[in-house]
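Same order as they appear, the protein sequences are chains B and E.
Going by the working numbering, the first sequence opens with residue 1, and the numbers climb by one from there.
Going by the working numbering, the second sequence opens with residue 1, and the numbers climb by one from there.
Below: the structure, in structure tokens.
Protein chains: 2
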Amino acid sequence: MSRRAEGRGGRGPDVPDLVARARAGEARAVARLISLVEDGSPSLREVTAALAPHTGRAQVVGVTGAPGVGKSTSTNALVRALRDDDRSVGVLAVDPSSPFSGGALLGDRIRMGDHALDPGVFIRSMAARGHLGGLSWSTPQAIRVLDAAGFDVVLVETVGVGQSEVEVAGLADTTLVLLAPGMGDGIQAAKAGILEVGDVYVVNKADRDGAAQVARDLRSTLRLADRRDDAWAPPVLTTVAQTGEGVGGVVEALAEHRAWSLASGELTRRRERRARAEVEAIAVAALRRRWADVGGHAELGRLAAAVAAGESDPYAAADRLLQPEP
Amino acid sequence: MSRRAEGRGGRGPDVPDLVARARAGEARAVARLISLVEDGSPSLREVTAALAPHTGRAQVVGVTGAPGVGKSTSTNALVRALRDDDRSVGVLAVDPSSPFSGGALLGDRIRMGDHALDPGVFIRSMAARGHLGGLSWSTPQAIRVLDAAGFDVVLVETVGVGQSEVEVAGLADTTLVLLAPGMGDGIQAAKAGILEVGDVYVVNKADRDGAAQVARDLRSTLRLADRRDDAWAPPVLTTVAQTGEGVGGVVEALAEHRAWSLASGELTRRRERRARAEVEAIAVAALRRRWADVGGHAELGRLAAAVAAGESDPYAAADRLLQPEP
Numbered sequence: 001m002s003r004r005a006e007g008r009g010g011r012g013p014d015v016p017d018l019v020a021r022a023r024a025g026e027a028r029a030v031a032r033l034i035s036l037v038e039d040g041s042p043s044l045r046e047v048t049a050a051l052a053p054h055t056g057r058a059q060v061v062g063v064t065g066a067p068g069v070g071k072s073t074s075t076n077a078l079v080r081a082l083r084d085d086d087r088s089v090g091v092l093a094v095d096p097s098s099p100f101s102g103g104a105l106l107g108d109r110i111r112m113g114d115h116a117l118d119p120g121v122f123i124r125s126m127a128a129r130g131h132l133g134g135l136s137w138s139t140p141q142a143i144r145v146l147d148a149a150g151f152d153v154v155l156v157e158t159v160g161v162g163q164s165e166v167e168v169a170g171l172a173d174t175t176l177v178l179l180a181p182g183m184g185d186g187i188q189a190a191k192a193g194i195l196e197v198g199d200v201y202v203v204n205k206a207d208r209d210g211a212a213q214v215a216r217d218l219r220s221t222l223r224l225a226d227r228r229d230d231a232w233a234p235p236v237l238t239t240v241a242q243t244g245e246g247v248g249g250v251v252e253a254l255a256e257h258r259a260w261s262l263a264s265g266e267l268t269r270r271r272e273r274r275a276r277a278e279v280e281a282i283a284v285a286a287l288r289r290r291w292a293d294v295g296g297h298a299e300l301g302r303l304a305a306a307v308a309a310g311e312s313d314p315y316a317a318a319d320r321l322l323q324p325e326p
Numbered sequence: 001m002s003r004r005a006e007g008r009g010g011r012g013p014d015v016p017d018l019v020a021r022a023r024a025g026e027a028r029a030v031a032r033l034i035s036l037v038e039d040g041s042p043s044l045r046e047v048t049a050a051l052a053p054h055t056g057r058a059q060v061v062g063v064t065g066a067p068g069v070g071k072s073t074s075t076n077a078l079v080r081a082l083r084d085d086d087r088s089v090g091v092l093a094v095d096p097s098s099p100f101s102g103g104a105l106l107g108d109r110i111r112m113g114d115h116a117l118d119p120g121v122f123i124r125s126m127a128a129r130g131h132l133g134g135l136s137w138s139t140p141q142a143i144r145v146l147d148a149a150g151f152d153v154v155l156v157e158t159v160g161v162g163q164s165e166v167e168v169a170g171l172a173d174t175t176l177v178l179l180a181p182g183m184g185d186g187i188q189a190a191k192a193g194i195l196e197v198g199d200v201y202v203v204n205k206a207d208r209d210g211a212a213q214v215a216r217d218l219r220s221t222l223r224l225a226d227r228r229d230d231a232w233a234p235p236v237l238t239t240v241a242q243t244g245e246g247v248g249g250v251v252e253a254l255a256e257h258r259a260w261s262l263a264s265g266e267l268t269r270r271r272e273r274r275a276r277a278e279v280e281a282i283a284v285a286a287l288r289r290r291w292a293d294v295g296g297h298a299e300l301g302r303l304a305a306a307v308a309a310g311e312s313d314p315y316a317a318a319d320r321l322l323q324p325e326p
């Protein structure tokens, strides 16, 4: 291991060196860069700036679905199929976590051991700190790391709780929604949201009763959706992730969506939307820090006390907060 | 119905009149004010300002717990017990909704018909628009309406999905966490979070097997918590909400927590924290609108395009966004 990347006499990591090593395929450097962005380290800005010129090549695929549809098994099968196709794959698995404890409930999942020795695969669990069941703010930065490191495909697997599929759709170039037979009312309830985010639908556990029915229902519902003639028509595929059956078809569908997104300009639109949300989130976080800073701008505490006492109202207080300091 | 409150020749509602009528106990005026804040109407600011001097008297009680613990039945029983105690009650039931459709999944629940003719009870369902399973941004404003209208207690019932108990704890003076026997692993997983937000714990369905065990486990876990000597020790009560058994004890516990909060200064601390979060959220929303405004500050679109193209990074772009305009 290079000593330089570990810190130059307490001056923090050697970011350019780490980025160069990550781009040369060194898994350790990739892991270290993700840790730097995940921990919100002081070098976060430097890391993000160093990555920027190397990003934009990977296909970012969001994999989502309700608990029980076989997300991990499907991700595993997808990784294998992509590798058979000679494409390198980075995987980010996002776990829910408590905003109070800051710790991941499920812990760092050691799994998908099949790929442990394959340098073309990198797998990382991420906590969804402070974000309700969704994606942590560092997920987009971790995607950048894998993208810059040269992975052809970045799979972002989210635990499908509530509306996280909506968030992953905001991050991904292509969103893969997983379903399975026998999920009952949960699916029904989630359907409305799911139908608007999927680019590719996969009914997993296709060897079970009811799978064909789920696929049929989904196809007819999707046909009813009001789409423009040149819009992407999301395919509905079936798989048995456990055996790999049908997974090749999913890989093809992902490639087709990629080609369509590039040709239609949809890829650029999504990436600009994503960048916009990201820049906004970073700006807002910076403002929150500025407001919380008692030395610099103690205003917020004073304004909050006045609102709590009924002497002011929150809108008037917000106006005051946004007024430029004299 | 007063014609004045319906709009003065397109100039919007007569807010002072609505507030006066709400304070005089007119349910229609209360409902209209909540609609105004919920719809984000142009008069939202005026409404909030008009309410401010009349707020701060009600006890805001958050009622939360996993699906299946009997939240609605418990809320219903609590309303009855509070009415028996001659206290007026406003209820806000917050539903999950899709951020895409904007519509509540569960619809506007017509229920708790027992109280339909009682002027001392006001019940309203609210959508949790754009917020993952949690509380919509208009919930704090709706609480203000009920507080200013003079309700002694405002119950905010949230559908316990994921971390919404954490959010309701942020809004409430007193948080009531409901549990029930036989909820299995869900409870275990949620326990860590639940143990930090409850001021009063209620094991409902106490006539079922395992209820005493749940209460015992909870008590011993709470005893392990590291609390200061003068801190509130959350009681663990048992109820059968269906029959009303034990609900009187819950009402007493709520009153005791109220008295302790007032005496210890905790009420002020919580309300200032709440006001702070609210002012911050409103300020951030105002900034987002400003940034999205193509006429005034088209910067964000241009910055996002540069980030998407790899020409800039999101931190540098956020810095630029926050620079004062020349």
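Note that beta-carbon positions come from the ideal geometry of N, C-alpha and C, so glycine has one too.
V307/B versus L322/B - alpha carbon distance: By 1-based counting over the first sequence, the position of residue 307/B is 307. By 1-based counting over the first sequence, the position of residue 322/B is 322. So the alpha carbons of these two residues sit roughly 16 Å apart.
Look up A231/B in the DSSP assignment and say whether it is helix, strand or coil. Here residue 231/B corresponds to residue number 231 of the first sequence, with the count starting at 1. The three-state secondary structure of A231/B, taken from DSSP, is coil.
Report the partner residues of L78/E according to the DSSP bridge assignment. As a position in the second sequence, residue 78/E is number 78, starting the count at 1. For L78/E, which the question treats as bridged, DSSP gives no partner whatsoever.
For S312/B, go through chain E and note every residue whose CB falls closer than 8 Å to its CB, in chain order. On the first sequence, position 312 is the one that residue 312/B refers to. A52, listed in chain order.
Within its chain, find whatever has a CB closer than 7 Å to the CB of V214/B; leave out the 5 residues flanking it on each side and keep chain order. Residue 214/B sits at position 214 when you count from the first residue of the first sequence. Once the five neighbours on either side are set aside, the close Cβ partners of V214/B are L179, P181 and V203.
Enumerate in chain order the residues of its own chain whose CB-to-CB distance from D207/B is below 7 Å, with the five nearest sequence positions on each side excluded. As a working mapping, residue 207/B is identified with position 207 in the first sequence. Hits under 7 Å: V240.
Where does G296/E sit, in a helix, a strand or coil, going by DSSP? For this step, residue 296/E is matched to residue 296 along the second sequence. Any reading at G296/E must be qualified, since the residue scores a pLDDT of 49, below 50, and its modelled position is unreliable; no value is offered.
What did DSSP end up calling D319/E once you bin it into helix, strand or coil? Numbered from 1 along the second sequence, position 319 holds the residue referred to as residue 319/E. Three-state result, D319/E: helix.
Whole-Å CB distance - V154/B paired with A58/B, under 8 Å assumed: As a working mapping, residue 154/B is identified with position 154 in the first sequence. As a working mapping, residue 58/B is identified with position 58 in the first sequence. With a beta-carbon spacing of about 5 Å, V154/B and A58/B fall inside the 8 Å limit used to define contacts.
Against chain B, does E266/E count as a neighbour if the rule is that its beta carbon must be under 8 Å from one of theirs? Position 266 of the second sequence, counting from 1, holds the residue named residue 266/E. By this cut-off, E266/E is not an interface position.
When the distance is taken between beta carbons, is T221/E closer than 8 Å to V197/E? Residue 197/E sits at position 197 when you count from the first residue of the second sequence. Residue 221/E sits at position 221 when you count from the first residue of the second sequence. No; because the gap between Cβ atoms is not below 8 Å, this pair is not in contact.
Just to confirm, are R276/B and L300/E a CB contact at a threshold of 8 Å? By 1-based counting over the first sequence, the position of residue 276/B is 276. By 1-based counting over the second sequence, the position of residue 300/E is 300. Yes, these two residues count as a Cβ contact at 8 Å.
For L195/B, the nearest candidate out of R227/B, S138/B, A211/B and A212/B (CA to CA): In the first sequence, the residue the question calls residue 195/B occupies position 195. Of the candidates R227/B, S138/B, A211/B and A212/B, the one whose C-alpha sits nearest the C-alpha of L195/B is R227/B.
So is A308/B in contact with chain E if we call contact Cβ pairs under 8 Å? Your numbering for residue 308/B matches position 308 in the first sequence. Yes - at least one Cβ of chain E is within 8 Å of the one on A308/B.
Please report the residue range of the beta strand (DSSP E) in which G62/E lies. Against the second sequence, residue 62/E aligns to sequence position 62. G62/E -> beta strand (DSSP E) spans Q59 to T64.
Use the C-beta contact count for R223/E: other C-beta atoms within 10 angstroms, 16 or more gives buried, fewer gives exposed. As a working mapping, residue 223/E is identified with position 223 in the second sequence. Answer is exposed; the Cβ neighbour count stays below 16.
Can you name, in chain order, every residue of its own chain whose Cβ lies under 8 Å from the Cβ of E266/E, other than the five neighbours on each side? For the purposes of this step, residue 266/E is taken as residue 266 along the second sequence, with counting starting at 1. These residues qualify, in order along the chain: W232 and W260.
For V279/E and V79/B, I'd like the C-alpha separation in whole angstroms. Residue 279/E sits at position 279 when you count from the first residue of the second sequence. Residue 79/B sits at position 79 when you count from the first residue of the first sequence. Whole-angstrom Cα-Cα distance: 46 Å.
How would you call S264/B, buried or exposed, if buried means at least 16 neighbouring beta carbons within 10 angstroms? If you number the first sequence from 1, residue 264/B lands on position 264. Looking at its Cβ environment, which holds fewer than 16 other Cβ atoms inside 10 Å, S264/B is exposed.
Any beta carbon from chain E within less than 8 Å of R4/B's own beta carbon? The sequence position of residue 4/B within the first sequence is 4, counting from 1. In this prediction, R4/B scores a pLDDT of 47, lower than 50, which makes its location untrustworthy; no coordinate-derived value is stated.
Could you name the residues of the same chain whose beta carbon sits closer than 7 Å to that of A50/B, not counting the 5 residues immediately before and after it, in chain order? As a first step, residue 50/B is located in the first sequence; it is residue number 50 there, counting from the start. Same-chain partners within the cutoff: V15, P16 and V19.
Tell me which same chain residues have a C-beta within less than 7 Å of the C-beta of T73/B, skipping the five on either side of it? In the first sequence, the residue the question calls residue 73/B occupies position 73. Closer than 7 Å at Cβ, skipping near neighbours: A241 and Q242.
With 8 Å as the threshold, decide whether the Cβ of E252/E is near any Cβ in chain B. Looking up residue 252/E in the second sequence gives position 252. Closer than 8 Å: no.
Could you name the residues of the same chain whose beta carbon sits closer than 7 Å to that of V47/E, not counting the 5 residues immediately before and after it, in chain order? As a working mapping, residue 47/E is identified with position 47 in the second sequence. So the list reads V15, L33, L36 and V37, once near-sequence residues are dropped.
Taking CB distances under 8 Å as the criterion, tell me whether I143/E reaches chain B. Reading the second sequence from its first residue, position 143 is the one you call residue 143/E. Not an interface residue.
Which bits of chain E does E245/B rub up against, with CB to CB less than 8 Å? Taking the first residue of the first sequence as position 1, residue 245/B is located at position 245. Here the premise fails: no neighbours, minimum Cβ distance about 31 Å.
Do the CB positions of V30/E and V145/E come within less than 8 Å of each other? For the purposes of this step, residue 30/E is identified with residue 30 of the second sequence, where counting begins at 1. For the purposes of this step, residue 145/E is identified with residue 145 of the second sequence, where counting begins at 1. Contact: yes.
So, for G70/B: in the same chain, excluding its five sequence neighbours on each side, which residues have a beta-carbon less than 8 Å away from its beta-carbon? Translated into positions along the first sequence, residue 70/B becomes position 70. Closer than 8 Å at Cβ, skipping near neighbours: L178, A180, N204, K205, A241 and Q242.
Chain-ordered neighbours of Y315/B on chain E, where CB pairs are closer than 8 Å: Mapped onto the first sequence, residue 315/B falls at position 315. Those are L44, R45, T48, A49 and I282, listed as they occur along chain E.
Contacting residues, own chain, Cβ-Cβ under 6 Å from A317/B (five flanking each side not counted): Counting from one through the first sequence, the residue named residue 317/B turns up at place 317. L303 and V307, listed in sequence order.
Inter-residue Cα distance where the pair is P235/B and Y201/B: Position 235 of the first sequence, counted from the first residue, corresponds to residue 235/B. Position 201 of the first sequence, counted from the first residue, corresponds to residue 201/B. C-alpha separation (whole angstroms): 6 Å.
Excluding the 5 residues flanking A22/B on each side, which residues of the same chain have their C-beta closer than 6 Å to its C-beta? Position 22 of the first sequence, counted from the start, is the residue given in the question as residue 22/B. These residues qualify, in order along the chain: A29, V30, L33 and A149.
Quick check on G40/B: buried or exposed, where buried means 16 or more other Cβ atoms within 10 Å of its Cβ? Position 40 of the first sequence, counted from the first residue, corresponds to residue 40/B. G40/B is exposed by the Cβ-count criterion.
T48/E by DSSP, collapsed to three states: which one? Mapped onto the second sequence, residue 48/E falls at position 48. DSSP places T48/E in helix when its eight states are reduced to three.
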